[in-house]
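Scroll down for the structure; my scribbles are underneath it.
Residue numbers (the working numbering): 690 to 828.
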């Protein structure tokens, strides 16, 4: 799990490792004696986990995330989704429907941050979702 200044982020495994690798400064502790989290699936050797995490950090750095401010709420704007959406895009769309901010969806998304952001950008391009100002409230 990743502990940040704001608390514990709800991510584990390689997704958490990829976030740690983006930190400019910080402290972390590796506890190899902890039992593996069954929700993370098959454990990877440390070198494999590092290589996978670095790959997704690199992919995230290539994305233009300006349209997706982390604290901004997301809403679904169209009921009709094209039939060719990936399973990940459909899962992300369901998370948007559940409510929350860009950061909430990225944290809860079933993949690395770069994959979730790519799905969000695709959904924005298709006009299936919209980013609202931070102070936007649904009443």
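All residues carry an ideal CB built from backbone N, CA and C; glycine is no exception.
Any idea which residues DSSP pairs residue i with across the strands?
i: residue 819; result: 764
i: residue 711; result: DSSP lists no partner for residue 711.
i: residue 790; result: 762
Using 10 angstroms around the beta-carbon of residue i, count the other beta-carbons present and answer buried if the total reaches 16, otherwise exposed.
i: residue 727; result: Residue confidence is low: residue 727 scores 47 on pLDDT, short of 50, so the model does not pin down where it sits. Its coordinate-derived value is still stated next. With fewer than 16 other Cβ atoms within 10 Å, it is exposed.
i: residue 808; result: buried
i: residue 804; result: buried
i: residue 745; result: buried
i: residue 776; result: exposed
i: residue 772; result: exposed
i: residue 702; result: buried
Under the assumption that residue i contacts residue j (Cβ atoms under 8 Å), give the Cβ distance between them as a whole number of angstroms.
i: residue 706; j: residue 742; result: 4 Å
i: residue 806; j: residue 763; result: That belief does not hold up - the Cβ atoms of residue 806 and residue 763 are roughly 12 Å apart, past 8 Å.
i: residue 791; j: residue 758; result: 6 Å
i: residue 798; j: residue 820; result: So it is not a contact: roughly 16 Å between Cβ atoms.
i: residue 770; j: residue 817; result: 6 Å
Ends of the alpha helix (DSSP H) at residue i?
i: residue 743; result: 735-750
i: residue 808; result: 802-814
Alpha carbon to alpha carbon, how far is residue i from residue j?
i: residue 783; j: residue 813; result: 14 Å
i: residue 800; j: residue 716; result: 24 Å
i: residue 788; j: residue 733; result: 33 Å
i: residue 810; j: residue 708; result: 20 Å
i: residue 740; j: residue 786; result: 33 Å
i: residue 699; j: residue 802; result: 12 Å
i: residue 815; j: residue 710; result: 31 Å
i: residue 696; j: residue 735; result: Unreliable positioning characterises residue 696 in this predicted model, as indicated by a pLDDT of 49, which lies under 50. A coordinate reading is not provided.
i: residue 768; j: residue 822; result: 21 Å
i: residue 748; j: residue 738; result: 16 Å
For the ligand FMN, is there a heavy atom less than 7 Å away from the beta-carbon of residue i?
i: residue 734; result: With respect to the ligand FMN, the structure shown offers nothing to examine, as it has no ligands at all.
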